[in-house]
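Asker: Residue numbers (the numbering used here), protein chains in the order written: chain P, 29 to 241; chain Z, 29 to 241. Handing you this structure, nothing more for now.
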DNA sequence: TTGACAACATACCCGGTAGTATGTTGAACT
DNA sequence: AGTTCAACATACTACCGGGTATGTTGTCAA
């Protein structure tokens with residue numbers, strides 16, 4: 029249900045990925061050492077360097093895993109028929125839920141984008157990061173096209189689409205920065221938060237009040 | 029007008045602050061070295077360590093300068109009479125403009141908050157950071173009270189106020205992550221961006237469509 | 001049984017960086 | 001003219017962390 033399922037072909041890598049995601053989330057990429065990740069696994073550097081050639085490659089793989097999970101999560105909804113605004117609401121809720129439920133990976137995605145935009149990569153890594161960014165851009169385009177269609181269909185009103193897209197993602201991603209899991213928390217609690225976030229984004233994009241429930 | 033004015037009592041420190049803010053913005057705190065900052069000043073470490081006892085103290089002072097500029101910017105509007113939503117719109121526009129015009133400092137504020145929340149500080153620095161966070165919380169409270177009042181006055185509708193505050197700030201801060209200055213850009217261009225961002229936030233908070241212009 | 005190899009652990013190297021200790025210099029003051 | 005001191009620059013140390021080179025061990029195939 030929760031629990032971040034990663035292609036099980038490769039179990040040892042999956043454990044490393046999870047630990048790395050948590051470390052990178054807690055301290056950031058630059059401040060996380062490979063030894064930190066290894067320590068959190070109860071092992072040593074050797075284990076990580078056996079599977080990954082460098083720290084940047086490990087980070088990139090966490091990035092990739094995070095994006096893979098996002099694509100997989102929205103895939104069932106992506107091509108549903110009906111008005112665009114309905115699709116968008118579902119995708120937005122799923123995306124926002126992903127930010128909460130797979131937060132460590134999604135924070136790495138966030139930081140990866142920042143690292144790329146800052147150009148903090150060596151030429152070789154640049155190539156891999158460029159692929160990852162293309163994947164992220166493709167993901168973004170799915171949402172951009174949804175809100176563009178919703179506007180064309182008269183269900184949304186906003187100004188510059190580029191700015192609208194940025195504001196939408198910032199809003200949907202925002203739990204990355206203020207949500208922390210509570211032990212007593214249920215799935216309904218999470219859905220309540222998601223509901224508020226999506227409602228804010230929808231209103232921000234000029235959608236009519238949701239007549240749901 | 030633009031140009032980040034810092035208390036001129038201390039000009040040498042002001043130059044260091046600006047250079048440090050830009051460095052920290054470009055590479056992040058952990059990845060920025062004191063030598064980087066010094067190099068961007070055309071000088072050496074000695075200069076910086078003459079004025080600041082440590083890298084963390086330098087960072088904290090950039091943080092403080094950023095918050096000082098924010099307080100100063102909204103001060104004229106903060107106590108204006110009239111409906112809360114009007115005050116909020118002005119403060120929101122000023123705040124968002126600050127994110128654009130003093131971006132390097134504001135990104136340091138952002139990262140400073142993250143560093144604090146992650147606990148990435150030594151006990152001594154913790155104390156100074158706690159003061160800075162209290163300052164930021166006080167700043168946040170000004171906006172929180174404004175939107176709470178606006179809701180009481182029937183001009184806004186939103187759910188949990190804590191979430192609403194987070195979403196509002198995320199939206200207003202968002203230019204930190206996607207705005208990059210263009211050489212040809214005028215003040216009106218910036219105000220147009222600010223207008224879109226504030227409009228998104230206002231709608232998100234359930235405010236009626238602005239009847240302005 | 002033994003060879004091979006994956007999956008690690010151990011030991012080591014080395015560049016970069018925070019911080020320090022020690023000059024140097026110009027200007028203000030006496 | 002000499003003293004002092006702020007404002008730096010220079011030179012150095014200590015350490016951390018990425019990466020590598022080299023064991024060690026369990027497993028599986030022939």
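Where is the CB? At the ideal position from N, CA and C, for every residue including glycine.
Could you give the distance in angstroms between the alpha-carbon of residue 43 of chain P and the alpha-carbon of residue 69 of chain P?
Answerer: For the purposes of this step, residue 43 of chain P is taken as residue 15 along the first chain, with counting starting at 1. For the purposes of this step, residue 69 of chain P is taken as residue 41 along the first chain, with counting starting at 1. Their Cα atoms are separated by approximately 8 Å.
Asker: If you reduce the DSSP assignment to three classes, tell me which class residue 108 of chain Z lands in.
Answerer: By 1-based counting over the second chain, the position of residue 108 of chain Z is 80. Of the three classes helix, strand and coil, the one that applies to residue 108 of chain Z here is coil, per DSSP.
Asker: Please find out if some non-hydrogen atom of the ligand HEM comes closer than 7 Å to the beta-carbon of residue 67 of chain Z.
Answerer: By its list of ligands, the structure shown contains no ligand whatsoever, and the ligand HEM lies outside what it can speak to.
Asker: Here's the rule: buried if 16 or more other CB atoms are within 10 angstroms of the residue's CB, otherwise exposed. What is residue 145 of chain Z?
Answerer: Start at 1 with the first residue of the second chain, and residue 145 of chain Z comes out as number 117. Classification for residue 145 of chain Z: exposed.
Asker: The alpha helix (DSSP H) that contains residue 186 of chain Z, what's its start and end?
Answerer: The residue given as residue 186 of chain Z occupies position 158 in the second chain. Element bounds for residue 186 of chain Z: n/a, residue is neither H nor E.
Asker: Could you name the residues of the stretch 35 to 57 of chain P whose beta carbon sits closer than 7 Å to any beta carbon of chain Z, in the order they occur along the chain?
Answerer: Answer in chain order: 54, 55 and 56.
Asker: In chain Z, what lies closer than 7 Å to residue 24 of chain P by C-beta?
Answerer: Because chain P spans 29 through 241 in this model, residue 24 of chain P falls outside it and cannot be assessed.
Asker: With distance defined between alpha-carbon atoms, name the residue in P:228, P:213, P:50 and P:180 nearest to residue 134 of chain P.
Answerer: Reading the first chain from its first residue, position 106 is the one you call residue 134 of chain P. Per the Cα distances, P:50.
Asker: Could you name the residues of the same chain whose beta carbon sits closer than 6 Å to that of residue 128 of chain P, not counting the 5 residues immediately before and after it, in chain order?
Answerer: Numbered from 1 along the first chain, position 100 holds the residue referred to as residue 128 of chain P. Cβ neighbours of residue 128 of chain P beyond the five flanking positions: 203, 207 and 218.
Asker: Give me the Cβ distance between residue 178 of chain P and residue 112 of chain P, rounded to the nearest whole Å; I'm assuming they're in contact under 8 Å.
Answerer: Within the first chain, numbered from 1, the residue matching residue 178 of chain P stands at position 150. Within the first chain, numbered from 1, the residue matching residue 112 of chain P stands at position 84. Contact flag correct, Cβ pair sits at about 4 Å.
Asker: Determine, for residue 214 of chain Z, whether the minimum Cβ-Cβ distance to residues of chain P falls below 8 Å.
Answerer: As a first step, residue 214 of chain Z must be located in the second chain, where it is residue number 186. No, its Cβ sits nowhere closer than 8 Å to a Cβ of chain P.
Asker: Just to make sure I have the definition right: I need the residues of chain Z whose C-beta is within less than 9 Å of the C-beta of residue 222 of chain P. Which are they?
Answerer: Taking the first residue of the first chain as 1, we reach residue 222 of chain P at position 194. By Cβ distance, chain Z contributes nothing, its closest Cβ being about 11 Å from residue 222 of chain P, past 9 Å.
Asker: Using the C-alpha atoms, what's the distance from residue 88 of chain P back to residue 56 of chain P?
Answerer: To locate residue 56 of chain P, count along the first chain from 1; it is residue 28. To locate residue 88 of chain P, count along the first chain from 1; it is residue 60. Using only the alpha carbons, I get a separation of about 14 Å.
Asker: When you compare each of P:147, P:82 and P:229 to residue 186 of chain P by their alpha carbons, which one comes out closest?
Answerer: By 1-based counting over the first chain, the position of residue 186 of chain P is 158. Nearest option by C-alpha distance: P:229.
Asker: So if I threshold CB-CB distances at 9 Å, which residues from the stretch 68 to 99 of chain Z count as touching chain P?
Answerer: Flagged: no residues at all.
Asker: Under the three-state reduction of DSSP, which class applies to residue 80 of chain P: helix, strand or coil?
Answerer: Locating residue 80 of chain P in the first chain gives position 52, counting from the first residue. The answer is coil: DSSP assigns residue 80 of chain P none of H, G, I, E or B.
Asker: On the three-pair Cβ rule with 8 Å, is the stretch 146 to 153 of chain Z touching the stretch 78 to 88 of chain Z?
Answerer: Flag = yes, the stretch 146 to 153 of chain Z and the stretch 78 to 88 of chain Z touch.
Asker: If you pair each beta-carbon of the stretch 64 to 78 of chain P with each one of the stretch 157 to 165 of chain P, do three or more pairs fall below 8 Å?
Answerer: Contact between the stretch 64 to 78 of chain P and the stretch 157 to 165 of chain P is absent, because fewer than three Cβ pairs lie under 8 Å.
Asker: What are the residues of the stretch 133 to 167 of chain Z that lie near chain P, defined by any Cβ-Cβ distance shorter than 7 Å?
Answerer: Against chain P - using a Cβ distance shorter than 7 Å - the residues of the stretch 133 to 167 of chain Z are 146 and 148.
Asker: Which chain Z residues are close to residue 125 of chain P, counting only those with a beta carbon under 7 Å from its beta carbon?
Answerer: Against the first chain, residue 125 of chain P aligns to sequence position 97. Within chain Z, no residue comes near residue 125 of chain P; the closest Cβ sits about 15 Å away, beyond 7 Å.
Asker: Pick out the complete beta strand (DSSP E) segments inside the stretch 202 to 235 of chain Z, 3 residues or longer, and give them in chain order.
Answerer: Runs found: none.
Asker: Can you list the residues of chain P that residue 231 of chain Z reaches, using a CB-CB cut of under 7 Å?
Answerer: In the second chain, residue 231 of chain Z corresponds to position 203, counting from 1. The contacting residues are 231, 232 and 234.
Asker: Look at the alpha carbon of residue 196 of chain P and the alpha carbon of residue 213 of chain P, and state the distance between them as a whole number of angstroms.
Answerer: The residue labelled residue 196 of chain P in the question sits at position 168 within the first chain. The residue labelled residue 213 of chain P in the question sits at position 185 within the first chain. Distance between the alpha carbons of residue 196 of chain P and residue 213 of chain P: 26 Å.
Asker: Taking 8 Å as the threshold (beta carbon to beta carbon), is residue 228 of chain P in contact with chain Z?
Answerer: Numbered from 1 along the first chain, position 200 holds the residue referred to as residue 228 of chain P. Yes, its Cβ sits closer than 8 Å to a Cβ of chain Z.
Asker: Establish whether the CB of residue 102 of chain Z and some CB of chain P are separated by less than 8 Å.
Answerer: Translated into positions along the second chain, residue 102 of chain Z becomes position 74. Not one chain P Cβ lies under 8 Å of residue 102 of chain Z.
Asker: So residue 202 of chain Z contacts chain P; which residues on that side make the cut at Cβ distance below 8 Å?
Answerer: Start at 1 with the first residue of the second chain, and residue 202 of chain Z comes out as number 174. The answer, in chain order, is 194, 195 and 198.
Asker: For residue 125 of chain P, does the three-state DSSP call read helix, strand or coil?
Answerer: As a first step, residue 125 of chain P must be located in the first chain, where it is residue number 97. Three-state result, residue 125 of chain P: helix.
Asker: Cβ closer than 7 Å: which chain Z residues qualify as neighbours of residue 187 of chain P?
Answerer: Translated into the one-based positions of the first chain, residue 187 of chain P becomes position 159. Correct list: 224.
Asker: In angstroms, rounded to a whole number, what distance separates the CA positions of residue 90 of chain Z and residue 190 of chain Z?
Answerer: Translated into the one-based positions of the second chain, residue 90 of chain Z becomes position 62. Translated into the one-based positions of the second chain, residue 190 of chain Z becomes position 162. In a straight line, the C-alpha of residue 90 of chain Z is about 27 Å away from that of residue 190 of chain Z.
Asker: So which residues on chain P does residue 59 of chain Z lean against when the C-beta distance must stay under 7 Å?
Answerer: Position 31 of the second chain holds residue 59 of chain Z. Neighbours of residue 59 of chain Z on chain P, chain order: 58 and 148.
Asker: Which of helix, strand or coil does DSSP assign to residue 237 of chain Z?
Answerer: As a position in the second chain, residue 237 of chain Z is number 209, starting the count at 1. Three-state DSSP puts residue 237 of chain Z in coil, outside helix and strand.
Asker: Start and end of the alpha helix (DSSP H) containing residue 57 of chain Z?
Answerer: On the second chain, position 29 is the one that residue 57 of chain Z refers to. It is not in any alpha helix (DSSP H) - residue 57 of chain Z carries neither H nor E in the DSSP assignment.
Asker: Using 10 angstroms around the beta-carbon of residue 99 of chain Z, count the other beta-carbons present and answer buried if the total reaches 16, otherwise exposed.
Answerer: The residue given as residue 99 of chain Z occupies position 71 in the second chain. By the neighbour-count rule (16 or more Cβ atoms within 10 Å), residue 99 of chain Z is not buried but exposed.
Asker: Are residue 184 of chain Z and residue 235 of chain Z closer than 8 Å when you measure CB to CB?
Answerer: Here the question's residue 184 of chain Z lines up with position 156 in the second chain. Here the question's residue 235 of chain Z lines up with position 207 in the second chain. Result yes, Cβ atoms of residue 184 of chain Z and residue 235 of chain Z sit closer than 8 Å.
Asker: Give the secondary structure of residue 177 of chain Z by DSSP, where H, G and I count as helix, E and B as strand, and everything else as coil.
Answerer: Working through the second chain from its first residue, we reach residue 177 of chain Z at position 149. Correct three-state label for residue 177 of chain Z: helix.
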